[in-house]
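Below: the structure, in structure tokens.
Residue numbers (our numbering), protein chains in the order written: chain A, 1 to 116; chain B, 117 to 229.
Quick look at the structure:
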């Protein structure tokens, strides 16, 4: 069975601080996808990144960066110079590949509050 | 990129009525669609998997007679919440897959009074 653990339930930082959201996953599949989503108070899921299991390259997109390490089954997300607009619930998700692509297991989410 | 829409985006209904939620893949054919439910301050949980032209597969604990899923075409799946009750109030999100990866819709917020 697949499992995603986001150990940090809530994080509160002051604007301009860097913050890292942790994600640890479990799967027996050799091919899988990892995602991060942002869910603002309005509720819609905002796609941030998708990473397949064969691509361990770290990625940077503006103030966002992701560190994927298969050796530790982790896919951590860092926001640099956080802003108030970053306040949201962030979900890490693990998705099967192949015929079940799109079947995702979500972590419990981390609520990030960025204070001015 | 692939776009998935849901309609309506929010709905309020009276207890005992039925509500239909649509999930459409706008620019690709989805062989499989997944329905998730998210209660307030909780994570998203998979409810069911639907394949075009066949019966949906429900996760343990999800009542198939209450949550009717129809995947009549490669671009449309519907979730009908029958005889809705206040405890069914939730955020319902679909994901559509064309076999390689899935794409999430924006979600539908259901409030049952």
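Even glycine gets a Cβ: it sits at the ideal position worked out from N, Cα and C.
Measure the alpha-carbon distance for residue i versus residue j and round it to whole angstroms.
i	j	result
residue 51 of chain A	residue 146 of chain B	21 Å
residue 176 of chain B	residue 81 of chain A	42 Å
residue 189 of chain B	residue 4 of chain A	32 Å
residue 57 of chain A	residue 75 of chain A	11 Å
residue 16 of chain A	residue 164 of chain B	41 Å
residue 103 of chain A	residue 211 of chain B	8 Å
residue 79 of chain A	residue 43 of chain A	20 Å
residue 48 of chain A	residue 29 of chain A	23 Å
residue 108 of chain A	residue 174 of chain B	21 Å
residue 66 of chain A	residue 139 of chain B	30 Å
residue 36 of chain A	residue 72 of chain A	17 Å
residue 41 of chain A	residue 121 of chain B	19 Å
residue 23 of chain A	residue 151 of chain B	23 Å
residue 229 of chain B	residue 55 of chain A	47 Å
residue 10 of chain A	residue 169 of chain B	42 Å
Residue range of the beta strand (DSSP E) that residue i falls in?
i	result
residue 52 of chain A	46-52
residue 59 of chain A	59-61
residue 207 of chain B	206-213
residue 26 of chain A	24-26
residue 10 of chain A	10-14
residue 56 of chain A	It is not in any beta strand (DSSP E) - residue 56 of chain A carries neither H nor E in the DSSP assignment.
residue 201 of chain B	No beta strand (DSSP E) holds residue 201 of chain B; DSSP gives it neither H nor E.
residue 145 of chain B	Counting along the chain, residue 145 of chain B falls outside any beta strand (DSSP E), and DSSP gives it neither H nor E.
residue 103 of chain A	From DSSP, residue 103 of chain A is part of no beta strand (DSSP E); its letter is neither H nor E.
residue 38 of chain A	32-39
residue 229 of chain B	Run containing residue 229 of chain B: none; DSSP gives neither H nor E here.
residue 20 of chain A	19-21
residue 188 of chain B	183-189
residue 4 of chain A	3-5
On the DSSP bridge list, what partners appear for residue i?
i	result
residue 123 of chain B	B:138
residue 218 of chain B	B:213
residue 68 of chain A	A:75
residue 161 of chain B	B:153
residue 167 of chain B	B:148
residue 112 of chain A	A:11, A:88
residue 96 of chain A	A:32
How would you label residue i, buried or exposed, when you count the other beta carbons within 10 angstroms and need 16 or more for buried?
i	result
residue 194 of chain B	buried
residue 86 of chain A	buried
residue 96 of chain A	buried
residue 197 of chain B	buried
residue 68 of chain A	buried
residue 132 of chain B	exposed
How would you list, in chain order, the residues of chain D whose beta-carbon sits under 7 Å from the beta-carbon of residue i?
i	result
residue 209 of chain B	Reference to chain D is not applicable here, since the protein chains of this structure are A and B.
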